[in-house]
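As given, the protein sequences belong to chains A and B, one line each in that order.
Going by this note's numbering, the first sequence opens with residue 3, and the numbers climb by one from there.
Going by this note's numbering, the second sequence opens with residue 3, and the numbers climb by one from there.
2 protein chains.
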Amino acid sequence: MSDIDLSDRKKQILYQAVEDYIENASPITSGAMVQKSETTLSSATLRNELNALEQMGYLKQLHTSGGRVPTTKGYRFFVNTIKDNCRADLDGLMKIKSVFEQRTINLSELIKVVAEKISEVTDYPTIVSLGGIDKLEILSIKIIPLMTNQALMLIQTPRGLLNNTLELEQSVDEQSCIDAGRVLTNKFAKMTIGEMVDNIVTKHQEIIQELNEYAGFFEYVLQSLVGLTKKYAQNGVYSKGATKLLKNPEYQNVEQAKEILQLLEDKEELKNLIDDDSDDEIEFSIGDELCDERLSDCTIAKAHCKINGENIASVGIIGPKRMDYAKISGALKFIVDEFNKPDLLETSKNNKKGDQYD
Amino acid sequence: MSDIDLSDRKKQILYQAVEDYIENASPITSGAMVQKSETTLSSATLRNELNALEQMGYLKQLHTSGGRVPTTKGYRFFVNTIKDNCRADLDGLMKIKSVFEQRTINLSELIKVVAEKISEVTDYPTIVSLGGIDKLEILSIKIIPLMTNQALMLIQTPRGLLNNTLELEQSVDEQSCIDAGRVLTNKFAKMTIGEMVDNIVTKHQEIIQELNEYAGFFEYVLQSLVGLTKKYAQNGVYSKGATKLLKNPEYQNVEQAKEILQLLEDKEELKNLIDDDSDDEIEFSIGDELCDERLSDCTIAKAHCKINGENIASVGIIGPKRMDYAKISGALKFIVDEFNKPDLLETSKNNKKGDQYD
DNA sequence: GTTAGCACTTTAGGAAAGAGAGTGCTAACA
DNA sequence: TGTTAGCACTCTCTTTCCTAAAGTGCTAAC
Numbered sequence: 003m004s005d006i007d008l009s010d011r012k013k014q015i016l017y018q019a020v021e022d023y024i025e026n027a028s029p030i031t032s033g034a035m036v037q038k039s040e041t042t043l044s045s046a047t048l049r050n051e052l053n054a055l056e057q058m059g060y061l062k063q064l065h066t067s068g069g070r071v072p073t074t075k076g077y078r079f080f081v082n083t084i085k086d087n088c089r090a091d092l093d094g095l096m097k098i099k100s101v102f103e104q105r106t107i108n109l110s111e112l113i114k115v116v117a118e119k120i121s122e123v124t125d126y127p128t129i130v131s132l133g134g135i136d137k138l139e140i141l142s143i144k145i146i147p148l149m150t151n152q153a154l155m156l157i158q159t160p161r162g163l164l165n166n167t168l169e170l171e172q173s174v175d176e177q178s179c180i181d182a183g184r185v186l187t188n189k190f191a192k193m194t195i196g197e198m199v200d201n202i203v204t205k206h207q208e209i210i211q212e213l214n215e216y217a218g219f220f221e222y223v224l225q226s227l228v229g230l231t232k233k234y235a236q237n238g239v240y241s242k243g244a245t246k247l248l249k250n251p252e253y254q255n256v257e258q259a260k261e262i263l264q265l266l267e268d269k270e271e272l273k274n275l276i277d278d279d280s281d282d283e284i285e286f287s288i289g290d291e292l293c294d295e296r297l298s299d300c301t302i303a304k305a306h307c308k309i310n311g312e313n314i315a316s317v318g319i320i321g322p323k324r325m326d327y328a329k330i331s332g333a334l335k336f337i338v339d340e341f342n343k344p345d346l347l348e349t350s351k352n353n354k355k356g357d358q359y360d
Numbered sequence: 003m004s005d006i007d008l009s010d011r012k013k014q015i016l017y018q019a020v021e022d023y024i025e026n027a028s029p030i031t032s033g034a035m036v037q038k039s040e041t042t043l044s045s046a047t048l049r050n051e052l053n054a055l056e057q058m059g060y061l062k063q064l065h066t067s068g069g070r071v072p073t074t075k076g077y078r079f080f081v082n083t084i085k086d087n088c089r090a091d092l093d094g095l096m097k098i099k100s101v102f103e104q105r106t107i108n109l110s111e112l113i114k115v116v117a118e119k120i121s122e123v124t125d126y127p128t129i130v131s132l133g134g135i136d137k138l139e140i141l142s143i144k145i146i147p148l149m150t151n152q153a154l155m156l157i158q159t160p161r162g163l164l165n166n167t168l169e170l171e172q173s174v175d176e177q178s179c180i181d182a183g184r185v186l187t188n189k190f191a192k193m194t195i196g197e198m199v200d201n202i203v204t205k206h207q208e209i210i211q212e213l214n215e216y217a218g219f220f221e222y223v224l225q226s227l228v229g230l231t232k233k234y235a236q237n238g239v240y241s242k243g244a245t246k247l248l249k250n251p252e253y254q255n256v257e258q259a260k261e262i263l264q265l266l267e268d269k270e271e272l273k274n275l276i277d278d279d280s281d282d283e284i285e286f287s288i289g290d291e292l293c294d295e296r297l298s299d300c301t302i303a304k305a306h307c308k309i310n311g312e313n314i315a316s317v318g319i320i321g322p323k324r325m326d327y328a329k330i331s332g333a334l335k336f337i338v339d340e341f342n343k344p345d346l347l348e349t350s351k352n353n354k355k356g357d358q359y360d
């Protein structure tokens, strides 16, 4: 898959052809390429070359006398070529930068704003999926009594507060809650949420004994943890700008647009689509590569944002295969880099203005 | 606007005509009405009557030899007529009922699920706007110290917990927080959030003196309250099923669909559209009545859900003017009634499973 | 290896024609 | 006076046909 069979001239012609098609959405023709003086060759020679590229699977004709459009293989060649050569919309990206610099914002809010801005800059629907809470380290656990047999469980993590309500059999006093929180903190601090859940399942009896007089609370905590995990899983996907798809000529037919718009409404499906454990920071999945009938004419650009090497959010941009790869690549690269800056973590950890998960 | 100029026969014909049009989406013709034996009159007589109804502004012809379609006035007549005669999709509504009976759900979650189910039952996009937090009564205020100069402010209300972070200059100990919470509770309990904010603005100095050694906290609370109000205003709109619009023949053209889908993505605009202080529980705004160019071919059905006479949420259903008014009316009435049941308030107040606002 | 020239193919768009649907009007009828 | 049959008229929708335009592939010459 290294395009090694392509002569330099073919590579250049193919690159120009795909670039043209992305810009104009009208099939590539030998005549047009000569007219735009993208080559010194004659249209006849170009025809030969285009024909050869078609034989090799990089282009295809819609009908005999029409021009050619890129195949997935053609787009793939193009994407691999521009990879390190992305174009950035500086004005738009500066707007995003100001969001990152605004220290008063919390992480989940930041993610939302990023999705909005990216969608604005790229003019494509943008999806953001927050990483699960499983890998978050527990810093402390607090229990706050509320009225009528309820209490609030707060779990502090390096990335903000998690909260969920406990359902008690009887009301409890303030001091017991404080004490129970301390005991739970001692037991579970430094573990991740995931490890805590594991521990609870595998060492249930053991822990109950250890917790002594606060074992009663433990059952409620257990109950609440299930709710917590569910709650944060559901709220972890955010999408913006779905209707921007309709600006593209490939979705002028409602039937074609409907399927993808429906997909964009289904958070669960979106999550599956965006989440993956690729090591690449930025990756493009083009058409058939997505292995989803509905998306056979789409490309999804994904960026995996990491803080301290840990995946904290994935950003996806969905559009027609004929999307502006260079611009999108630039925008995603910018985001990934912003997350990689060491001081963002500082901001996130010692955030002056409440870094909360909700 | 009382349709008093209509003979009984005209009323019946008009009703049938609109009903037909809603069902079939094809213009009303004298021939079709006779064929469906909706009348014992001849097609010629029907033609006279339809012509008269057109002169009176209830119907209009798209072109000379086509059939007629209802005008806004025609739909308005129809809606007024079916008002107390709505049809319910029992199967679908029973699904919603089970959500109401599920006592473990909190109010904002309930609202979301209701929007989803209504959208499913009616097959139209559905919008839910939660009432503001201004009118919520304060039951108690708690302050919880967090790490590194932060604290969490919790305000208990009859409809769940509000929370926001306080930014402190220096860290504080647990006991001071508990005490500060008590003092704030004594001062502000029984007021509404709105009143609390008013008080803070108008009696700033007075309160600071009163709060004595906890006056320091007060400044932070003030700061946090602004954030709180903003936060809950932004999260108060929820919409579901936007792409369901595309199922309707009137949106087979992307240009027509685009505007409304864009509108459905803009939470702020949706909020303005759905919120109003009408006394009617259920109301329909048809086409021009909405006074919005983009919505001139739409109808919005709104229901105002009240608990104890206070507006707690508005539900809006948006669709083409040719929407199934009887079915939608039935669904909305069902929802409003469920909210009106006295025991929902109980559920909401003494909810066993944490009735939280987030 | 490149290119000019030409025949061939296919689409897009418009004009023309005919069928079908529906109305309005007139005149007859109860 | 209200109702209805009948008919001419209008308008749309579909089909068919035609032409222009665009683009290719192939061949032969350079």
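Glycine included, C-beta positions come from ideal geometry on N, C-alpha and C.
A quick note: this is a predicted structure, and the numbers were derived from the prediction, not measured.
Here's the rule: buried if 16 or more other CB atoms are within 10 angstroms of the residue's CB, otherwise exposed. What is N353/B?
Note that N353/B has pLDDT 42, beneath the 50 cutoff, so the model's placement of it is unreliable and no number is given.
Partners in chain A for Y2/B, counting only beta-carbon separations shorter than 8 Å:
Only positions 3 to 360 of chain B appear in the structure, and residue 2/B is not among them; the question remains open.
Measuring only between beta-carbons, confirm whether Q264/A sits less than 9 Å from chain B.
yes
N1/B at chain A interface by Cβ criterion, 9 Å
Shown here, chain B extends from 3 to 360; a query on residue 1/B therefore has no answer.
Write down every uninterrupted run of the alpha helix (DSSP H) in the stretch 210-259 of chain B whose length is 4 residues or greater and which is fully enclosed by it, in chain order.
217-236
Tell me, please, whether the CB atom of L148/B is closer than 9 Å to any CB atom in chain A?
yes
So with Cβ pairs under 9 Å, would you call K260/A a contact of chain B?
yes
Going by CA-CA distance only, name the one from I337/B, D339/B, M325/B that's closest to E25/B.
M325/B
Relative to the C-alpha of I84/A, which residue among L138/A, L112/A, E21/A is closest?
E21/A
Quick one: residues in its chain with C-beta nearer than 7 Å to the C-beta of F341/B, no 5 flanking neighbours on either side, listed in chain order?
C307, K308, I309
Please confirm whether L95/A and V130/A have their CB atoms less than 9 Å apart.
no
When DSSP labels each residue in this structure, what does F341/B get in the three-state scheme?
helix
If you draw a straight line from the C-alpha of K355/B to the C-alpha of V115/B, how long is it?
Residue placement at K355/B is poorly supported in this model, since its pLDDT is 39, which falls under 50; the coordinates still yield a value, given next. Taking the straight line from one Cα to the other gives about 16 Å.
Going along chain A, which residues have a C-beta under 8 Å from I180/B?
E176
Contact between the stretch 270-279 of chain A and the stretch 153-161 of chain A: three or more CB pairs below 8 Å?
no
Just verifying my parser: in three-state terms, what is the DSSP assignment at A19/A?
helix
Residues of the stretch 216-248 of chain A with a CB closer than 7 Å to any CB of chain B: list them in chain order, please.
A244, T245, L248
Using a C-beta to C-beta distance shorter than 7 Å, which residues of chain B count as neighbours of E267/A?
A244, T245
Compare the C-alpha of V239/B against each of D290/B, A117/B, E221/B and name the closest.
A117/B
Would K13/A count as contacting chain B if we go by Cβ distances under 9 Å?
no
Spatial distance of F219/B from A182/B (CA atoms)
7 Å
Would DSSP call Q63/B helix, strand or coil?
strand
Short CB-CB distance (under 9 Å) between K354/B and chain A
Confidence at K354/B is low in this model, with a pLDDT of 38, below 50, so its placement is unreliable and no value can be given for it.
Just to confirm the assignment, what range does the alpha helix (DSSP H) spanning E139/A have?
Unbroken run through E139/A: none, as it is neither H nor E.
Taking 7 Å as the limit between beta carbons, can you name the residues of its chain near E261/A, skipping five residues before and five after?
R296
Runs of beta strand (DSSP E) lying entirely within the stretch 157-208 of chain B, each at least 3 residues, in chain order
162-169
Can you name the residues of chain A whose CB is closer than 8 Å to the CB of Q172/B?
Correct list: empty, because the minimum Cβ distance to chain A is about 13 Å.
What separation, rounded to the nearest whole angstrom, lies between the Cα atoms of A46/B and M35/B?
11 Å
Let me check understanding here. Comparing Cα to Cα, which of Q211/A, I210/A, G196/A lies closest to T231/A?
G196/A
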